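Asks:
In the numbering used here, the protein residues as written are 34 to 751.
Okay, structure coming up:
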């Protein structure tokens with residue numbers, strides 16, 4: 034680690050002279066102290082760097098020793114390992130001016146593993162713009178939130194400690210360094226303006242080989258979530274044994290958005306007592322297309338970022354059960370979902386399903402069958418069910434790994450989620466909509482829907498089946514004002530390019546190749562384009578077309594977010610069309626692991642052009658090589674789904690073969706991040722008929738005649 038890297042690890046050392054809060058003087062004072070210790074370490078690091086042959090482990094031990102000595106000499110701040118430590122401390126803000134008395138003590142716990150360090154440190158930056166608490170006397174007003182919570186009186190307000198929980202052991206240098214850095218942030222910000230009383234660190238002591246969190250589309254490892262499960266159990270025991278009344282879990286991907294979010298959380302605690310767990314259900318859209326198939330326990334489950342009442346006997350029973358199950362196959366289920374299964378079994382009599390069908394129970398060598406425990410859980414429900422101990426909070430919304438946009442969570446105090454993106458900015462990126470059409474009036478319904486929707490498309494290109502469409506529209510234009518308007522816009526009588534007040538340019542193109550070549554043949558002039566067909570409409574809320582934020586000052590461009598399905602998922606493996614699509618993609622890029630639907634892709638036009646030239650060289654001008662390879666297909670279902678032309682998946686494979694796919698696009702796993710359809714099917718029956726017609730046309734003449742004779746024969750016999 035260079036001296037510059039060391040400096041970057043201690044953001045507090047850069048000072049807070051620009052801070053406008055009343056605590057800015059204290060911030061500067063502490064910042065100067067930290068800067069002095071960091072500067073001293075920098076000098077030693079610079080010397081170490083000049084020594085050739087100085088081994089890494091020697092450097093690591095030396096740095097650790099330097100930091101430890103600096104702490105013991107008072108350079109920097111002490112990390113409190115226990116709230117009961119008899120250490121003289123500075124008063125951290127308004128709340129510490131009161132005697133504790135009978136006020137309850139809560140712990141806001143922020144767990145992290147080595148893989149979370151960067152995210153955790155970055156998350157604390159948000160605490161400057163969205164402060165945990167407000168000044169009761171001059172600033173904060175809970176009136177707008179009284180529908181959800183009750184305000185504590187000052188003399189009964191809980192004292193809250195900030196507890197940072199590291200999953201590893203005390204000998205881990207990165208874990209120690211992270212705890213030290215957060216301690217310095219805590220002191221520099223005066224306990225974030227007096228919101229917290231103590232800084233407490235806790236090490237769960239999980240061995241590195243056991244500290245596992247490996248989320249995969251197809252889960253076969255029974256230990257995949259052992260790290261978070263073990264850390265939760267140990268966090269709970271630590272917090273309970275230290276006498277805290279509640280544990281507020283706040284992982285590194287929980288983002289505060291408004292001032293006073295901690296006060297809002299506490300107000301809901303007061304309103305909802307008694308409870309065992311107070312938190313949020315899933316708010317994302319990953320399940321929209323198959324919600325009826327989701328187990329009740331998963332639909333109802335409270336995410337792990339919740340408030341746990343350590344004094345409630347039901348929570349104690351649940352954690353006891355988790356501890357009993359830690360060396361069994363039950364530990365393959367995330368702790369928060371497992372707790373929901375327990376309560377669902379007891380309250381609704383629904384047996385728990387094991388969520389990973391491909392996993393083998395190491396104890397038996399067979400597929401997993403969960404032991405029935407309904408009698409135990411039923412007793413819990415009979416004892417505690419009347420008080421509704423599992424409750425929903427409003428202070429936090431849980432999006433999990435699902436992608437979302439800022440406007441979807443505007444005004445929510447706390448948001449749990451990993452995929453925050455931005456909507457497309459038409460000033461940055463122009464997008465064309467390409468419509469594959471077979472019948473003239475079908476494209477009209479899509480254009481009319483566009484007229485009534487807010488959409489991101491600056492131009493529309495309709496790829497039509499035959500010439501003469503203009504004449505047909507013109508002949509019928511006197512019958513409807515809308516048709517007349519369409520005609521005037523498309524064919525020049527009205528040069529404004531406006532459709533009912535929307536400035537959307539529309540071009541009609543007579544295709545010269547089969548419709549399955551529209552992806553390559555559409556004459557697009559903008560940077561990007563999307564493609565659909567005339568049996569669909571643009572979704573009413575198209576705000577879910579997402580882009581990364583980028584960073585203009587750093588030269589990092591904004592790029593489209595592209596949903597994909599992992600190629601090894603059962604959903605693909607059981608579908609002939611998906612398998613064939615992946616097979617063709619791997620002819621271009623053998624390591625392809627993504628399936629991207631044509632209607633989900635935001636094609637970059639310049640690379641589309643290069644891809645199409647490559648694809649035609651590989652498969653012929655109109656995919657003649659593919660047609661010969663497929664030969665005679667006697668199933669309309671197979672004919673419908675096998676690729677006849679270029680696809681978004683093959684385009685993705687081409688970009689990966691060039692090594693540029695992830696510089697152009699942000700790929701998002703549908704199985705984890707979810708997605709919403711940009712285009713909604715509205716003419717499903719007609720689309721089905723069209724595919725059957727195309728299938729019939731593709732049959733050899735002798736086969737068509739034979740099928741026709743067989744049909745007539747059956748009708749005659751009937």
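Glycine included, C-beta positions come from ideal geometry on N, C-alpha and C. Values in this document were obtained by computation on a predicted structure and should not be read as measured data.
1. Return the first residue and the last residue of the alpha helix (DSSP H) that residue 642 is part of.
2. Could you name the residues of the same chain whose beta carbon sits closer than 6 Å to that of residue 414, not counting the 5 residues immediately before and after it, in chain order?
3. Give me, in chain order, the residues of the same chain whose beta-carbon lies closer than 7 Å to that of residue 445; leave out the 5 immediate sequence neighbours on both sides.
4. If I measure Cβ to Cβ from residue 277 and keep anything under 7 Å in the same chain, skipping five residues before and after, which residues do I get?
5. Given a cut-off of 8 Å, decide if residue 498 and residue 567 are closer than it, judged by their beta-carbon atoms.
6. Tell me the DSSP secondary structure of residue 369 in three-state form.
7. Using only CA atoms, which one of 156, 676, 306 lies nearest to residue 185?
8. With distance defined between alpha-carbon atoms, name the residue in 391, 653, 328 nearest to residue 550.
9. Jot down the residue ranges of each uninterrupted alpha helix (DSSP H) in the segment 291–329, minimum 4 residues, whole runs only, in chain order.
10. In terms of residues, what are the limits of the alpha helix (DSSP H) holding residue 216?
11. Would you grab the beta carbon distance between residue 461 and residue 591 for me? Rounded to a whole angstrom, and I think it's under 8 Å.
12. Helix, strand or coil for residue 240? Go by DSSP, reduced to three states.
13. Check whether the Cβ atoms of residue 432 and residue 450 lie closer than 8 Å to each other.
14. Do the CB positions of residue 619 and residue 612 come within less than 8 Å of each other?
15. At the 8 Å Cβ level, is residue 145 part of the contact set with chain B, yes or no?
16. Using DSSP with H/G/I as helix, E/B as strand and the rest coil, what is residue 464?
17. Could you round the C-beta distance between residue 235 and residue 271 to whole angstroms and report it? I think they count as a contact, below 8 Å.
18. By the three-class DSSP mapping on this structure, what secondary structure does residue 105 have?
19. Below 8 Å on the Cβ atoms is my contact criterion, and I expect residue 337 with residue 286 to pass it. Report the Cβ-Cβ distance as a whole number of Å.
20. If you count every other CB in all the chains shown that lies within 10 Å of the CB of residue 631, and 16 or more means buried, which is it?
21. Take residue 160 and list the residues in its own chain whose beta-carbon comes closer than 6 Å to its own, dropping the five residues that flank it on each side.
22. Skipping 5 residues on each side, what residues in its chain have a beta carbon closer than 7 Å to that of residue 121?
23. Which of the three DSSP states, helix, strand or coil, is assigned to residue 194?
24. Measure the C-alpha to C-alpha separation of residue 711 and residue 571 and round it to an integer number of angstroms.
25. Do residue 683 and residue 595 have their C-beta atoms within less than 8 Å of each other?
26. Exposed or buried, residue 223, counting other C-beta atoms within 10 Å across all chains shown (16 or more means buried)?
27. What three-state label does DSSP hand residue 711 in the structure shown?
28. With DSSP run on the structure shown, which of helix, strand or coil describes residue 415?
29. Would you mind working out which of 553, 371, 357, 464 sits nearest residue 560, comparing C-alpha positions?
30. Which value, in whole angstroms, describes the spacing of the CA atoms of residue 598 and residue 148?
31. Name the one or two DSSP bridge partners that residue 543 has.
32. Per DSSP, which residues does residue 432 bridge with? Please list them.
33. Looking only at its own chain, which residues have a Cβ that is under 6 Å from the Cβ of residue 467, when we skip the five neighbours before and after it?
34. Quick one: what does DSSP say residue 288 is sitting in, helix, strand or coil?
35. With DSSP collapsed to three states, give me the class of residue 491.
36. Residue 538 bridges to which residues according to DSSP?
Replies: Let's see:
1. Membership of residue 642 in the alpha helix (DSSP H) is indicated by the continuous run 638–652.
2. Correct list, in chain order: 379, 380.
3. Within the same chain, residue 445 has close Cβ partners 290, 430.
4. Closer than 7 Å at the Cβ level, and outside the excluded window around residue 277, lie 138, 139, 140, 343.
5. No, they are not a contact pair.
6. Correct three-state label for residue 369: helix.
7. Of the listed residues, the one whose Cα sits closest to residue 185 is 306.
8. The shortest CA-to-CA distance from residue 550 to any of 391, 653, 328 is the one to 653.
9. Entirely contained in the segment 291–329, the alpha helix (DSSP H) runs reaching 4 residues are, in chain order, 294–305.
10. 206–221 is the span of the alpha helix (DSSP H), which, as asked, contains residue 216.
11. Right, the Cβ-Cβ distance comes to about 6 Å (below 8 Å), so this counts as a contact.
12. Coil, per DSSP.
13. Result yes, Cβ atoms of residue 432 and residue 450 sit closer than 8 Å.
14. Residue 619 places its beta carbon 8 Å or farther from that of residue 612.
15. Going by chain labels, chain B is absent from the structure shown, which holds only one protein chain.
16. Residue 464: strand per DSSP, three-state reduction.
17. Contact between residue 235 and residue 271 holds, since their C-beta atoms are separated by about 5 Å, short of 8 Å.
18. In this prediction, residue 105 has a pLDDT of 37, which is less than 50 and means its spatial position is unreliable; nothing more can be read from the coordinates.
19. Rounded, the Cβ-Cβ distance is 11 Å, inconsistent with contact.
20. Per the 10 Å Cβ criterion, buried.
21. Excluding five sequence positions before and after residue 160, the CB atoms of its chain that fall closer than 6 Å to its own CB belong to 225, given in chain order.
22. At residue 121 the pLDDT is 32, less than 50, meaning the model places this residue with poor confidence; the figure from the coordinates comes in the next sentence. Around residue 121: no qualifying Cβ.
23. Reduced to three states, the DSSP call for residue 194 is strand.
24. About 6 Å.
25. No, these two residues do not count as a Cβ contact at 8 Å.
26. It counts as buried.
27. Of the three classes helix, strand and coil, the one that applies to residue 711 here is coil, per DSSP.
28. In the three-state scheme derived from DSSP, where H, G and I count as helix and E and B as strand, residue 415 is classed as helix.
29. Comparing alpha-carbon positions, the option among 553, 371, 357, 464 lying closest to residue 560 turns out to be 464.
30. Between the C-alpha atoms of residue 598 and residue 148 there is a straight-line separation of about 25 Å.
31. BP columns for residue 543 point to 497.
32. Looking at the DSSP output, residue 432 shares a beta bridge with no other residue.
33. Cβ neighbours of residue 467 beyond the five flanking positions: 494, 555, 562, 564.
34. Looking at residue 288 - three-state DSSP - the assignment turns out to be strand.
35. If DSSP states are grouped into helix, strand and coil, residue 491 belongs with the strands.
36. According to DSSP, residue 538 bridges with 492.
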